[in-house]
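Counted from 1, the sequence shown has number 412 at position 412 by full-length UniProt numbering; the numbering is strictly sequential.
C-beta atoms are modelled at their ideal positions from N, C-alpha and C, and glycine is treated no differently.
One structure below.
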Amino acid sequence: MRAIRIIYFVIAILVALSAAFAIWIYYIKEGKDLLNFTISIVGFCIAVLALFIAVRTYTSIDSVNNITKMDGNILDNENYVISVPELVNRFQHSNEKELGEELFKSIEIKLKKESDTAVLFADTLQYMIDLIVLFPAVFNASDIDKLEYRKRMDSILVEVERRRGILHSISKGNAIQITETIKLFKAVVSYQSFVADRNFNIHADLLHVRGPILRNPVTKTIYHNYLGLYFNKKAMYVLSSSLGLKDVDILSIGGVDLLLDKVSSISPSHKEDAILYFRSACEQFERAHLACGDDIMWPGFIDYNKARTLFLLSLLTQEENQWLKIMETAIESRSKLNKMIEDVLTVHQDAKSYVNDTHLRNFFLYQEELARMVKLNILLGTKSPNSQENLSINYKGTLLSNTSVEDIQQLLKPILSFSVVEKYQRELVDCLAVRCSNQFC
Numbered sequence: 001m002r003a004i005r006i007i008y009f010v011i012a013i014l015v016a017l018s019a020a021f022a023i024w025i026y027y028i029k030e031g032k033d034l035l036n037f038t039i040s041i042v043g044f045c046i047a048v049l050a051l052f053i054a055v056r057t058y059t060s061i062d063s064v065n066n067i068t069k070m071d072g073n074i075l076d077n078e079n080y081v082i083s084v085p086e087l088v089n090r091f092q093h094s095n096e097k098e099l100g101e102e103l104f105k106s107i108e109i110k111l112k113k114e115s116d117t118a119v120l121f122a123d124t125l126q127y128m129i130d131l132i133v134l135f136p137a138v139f140n141a142s143d144i145d146k147l148e149y150r151k152r153m154d155s156i157l158v159e160v161e162r163r164r165g166i167l168h169s170i171s172k173g174n175a176i177q178i179t180e181t182i183k184l185f186k187a188v189v190s191y192q193s194f195v196a197d198r199n200f201n202i203h204a205d206l207l208h209v210r211g212p213i214l215r216n217p218v219t220k221t222i223y224h225n226y227l228g229l230y231f232n233k234k235a236m237y238v239l240s241s242s243l244g245l246k247d248v249d250i251l252s253i254g255g256v257d258l259l260l261d262k263v264s265s266i267s268p269s270h271k272e273d274a275i276l277y278f279r280s281a282c283e284q285f286e287r288a289h290l291a292c293g294d295d296i297m298w299p300g301f302i303d304y305n306k307a308r309t310l311f312l313l314s315l316l317t318q319e320e321n322q323w324l325k326i327m328e329t330a331i332e333s334r335s336k337l338n339k340m341i342e343d344v345l346t347v348h349q350d351a352k353s354y355v356n357d358t359h360l361r362n363f364f365l366y367q368e369e370l371a372r373m374v375k376l377n378i379l380l381g382t383k384s385p386n387s388q389e390n391l392s393i394n395y396k397g398t399l400l401s402n403t404s405v406e407d408i409q410q411l412l413k414p415i416l417s418f419s420v421v422e423k424y425q426r427e428l429v430d431c432l433a434v435r436c437s438n439q440f441c
């Protein structure tokens with residue numbers, strides 16, 4: 001814009017000087033043919049005006065091209081991956097409030113200052129997509145104002161739509177990747193909000209996203225993973241509504257036990273719907289796995305989602321599947337990720353080393369512990385107290401049958417700020433204490 005203003009300024013100076021020179025010649029009348037001179041000046045002014053229009057047209061076209069061109073944009077990059085170490089290293093905040101503030105602030109700055117062109121706006125959208133997995137670390141934490149979180153997120157979505165509207169008004173041809181990515185981001189945020197409120201009757205926002213158009217591996221992974229979660233929650237809503245389990249956590253020990261007692265009473269139509277949803281969810285998780293490739297973070301999330309889906313599907317179909325094997329794979333993936341995060345956050349100082357304990361690290365530890373606890377909940381909820389299969393149930397390689405309740409309490413890893421795991425751990429200890437007393441441990 002500065003170069004354009006300089007050109008306009010030079011043209012204005014030339015016109016002003018020409019006018020002044022013409023007036024000066026007119027008044028001195030030193031033997032000049034006034035008619036010829038006037039014609040020459042008029043011709044010169046017309047030429048200057050034509051130059052002005054040509055320059056303005058050229059700069060306008062060039063400006064539009066610079067704003068709307070999408071060549072080399074990150075949304076079309078088929079080799080893009082999320083740098084988890086970079087995110088972990090950047091967001092080293094000790095609690096959920098500081099982390100949430102920094103996440104929102106970084107997005108707002110990129111939207112306001114680094115999104116003037118289509119390519120820059122695409123970079124901003126990809127940055128927001130990369131952070132999707134971190135948002136639950138904020139609003140799933142215990143000490144967070146969810147109303148304030150949603151207001152802040154709504155303001156970001158309004159700004160995203162405003163930016164999209166500006167680009168769309170200039171050129172519609174290059175906007176499809178941006179449009180679908182925005183729809184994906186909004187749908188995922190909506191899903192996360194519903195799940196945080198334990199509302200499983202999820203809106204169909206994800207169905208409006210044209211997934212096959214997405215080219216970026218990260219956006220494709222997120223699309224298929226969350227579409228699978230959408231189908232999973234629809235099936236769980238059918239189950240809980242038809243069996244009267246709306247206020248029951250069906251992945252807790254008591255919830256699994258109650259579900260086993262009631263699942264045979266589900267009506268044929270509801271059973272068919274739930275099976276259809278669960279199978280659709282599994283298909284999407286498989287596609288998400290293919291899309292994520294060698295990513296170090298997403299396999300742990302995808303396998304965990306698929307494992308619990310397969311378990312619920314097995315209850316309805318009475319067919320054995322690989323839910324336990326896939327759950328163990330998910331736990332292994334999450335454990336590897338946490339080891340890497342530990343290495344990234346390790347500080348070496350004065351021949352000593354320590355791990356910087358951040359809220360984001362606790363969130364990923366929570367994800368690993370959650371998978372371990374859900375696995376134990378399912379195994380203990382589906383096995384009778386005196387079953388021989390209980391003897392093989394283990395936690396981090398330790399057989400629960402050979403360990404006292406007190407030792408198990410010491411073995412369980414406390415996770416601060418996330419109440420779900422703490423609740424599951426208490427239920428596990430209570431369940432083992434009851435079974436131990438019944439067997440006169």
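For residue 329, the uninterrupted alpha helix (DSSP H) segment begins and ends at 323–345.
Its Cα nearest to that of residue 353, the residue 343 stands out among 361, 20 and 343. Contact between residue 338 and residue 365 holds, since their C-beta atoms are separated by about 6 Å, short of 8 Å. Under the three-pair Cβ rule at 8 Å, the segment 245–263 does not count as touching the segment 321–328.
Taking a C-beta distance under 8 Å as the contact criterion, residue 282 and residue 316 do not qualify as a contact pair. Closest in alpha carbon position to residue 277, among 252, 244, 231 and 307, is 231. The distance from the Cβ of residue 214 to that of residue 163 is about 19 Å, inconsistent with a contact at the 8 Å cut-off. For residue 307, same chain residues with a beta-carbon under 7 Å away, outside a window of 5 residues either side, are 323, 326, 327 and 330 in chain order. Out of 428, 89, 378 and 149, the CA that lies nearest to the CA of residue 355 is found in 89.
Selection 189, 294 and 244 evaluated against residue 218 yields 294 as nearest (Cα-Cα).
Taking 8 Å as the upper bound for CB-CB distance, residue 152 and residue 193 are not in contact here, some 13 Å apart. Cβ contact annotation for residue 100 (same chain, cutoff 6 Å, sequence separation greater than five): 138, in chain order.
The DSSP-derived three-state label of residue 419 is helix.
The C-beta distance from residue 202 to residue 234 rounds to 7 Å, short enough to fall under 8 Å.
Shown here for residue 157: same chain residues with a beta carbon closer than 7 Å to its own, the five before and five after excluded, namely 186 in chain order.
Taking a C-beta distance under 8 Å as the contact criterion, residue 123 and residue 74 qualify as a contact pair. Residue 115 sits in coil when the DSSP states are folded into three classes, being neither helix nor strand. Per DSSP, reduced to three states, the secondary structure at residue 412 is coil, with no helix or strand assignment. Residue state for residue 316 is assigned as helix, using DSSP reduced to three classes. Following the DSSP letters along the chain, one finds residue 271 inside the alpha helix (DSSP H) bounded by residues 268–292. By the 16-neighbour rule on beta-carbons within 10 angstroms, residue 208 is exposed.
Contiguous alpha helix (DSSP H) elements confined to the segment 187–273 occur at 217–243 and 253–262, taking only those with 4 or more residues. Per DSSP, residue 375 is not a residue of any beta strand (DSSP E); the alpha helix (DSSP H) it occupies stretches across 359–382.
Where residue 355 is concerned, the enclosing beta strand (DSSP E) starts and stops at 352–355.
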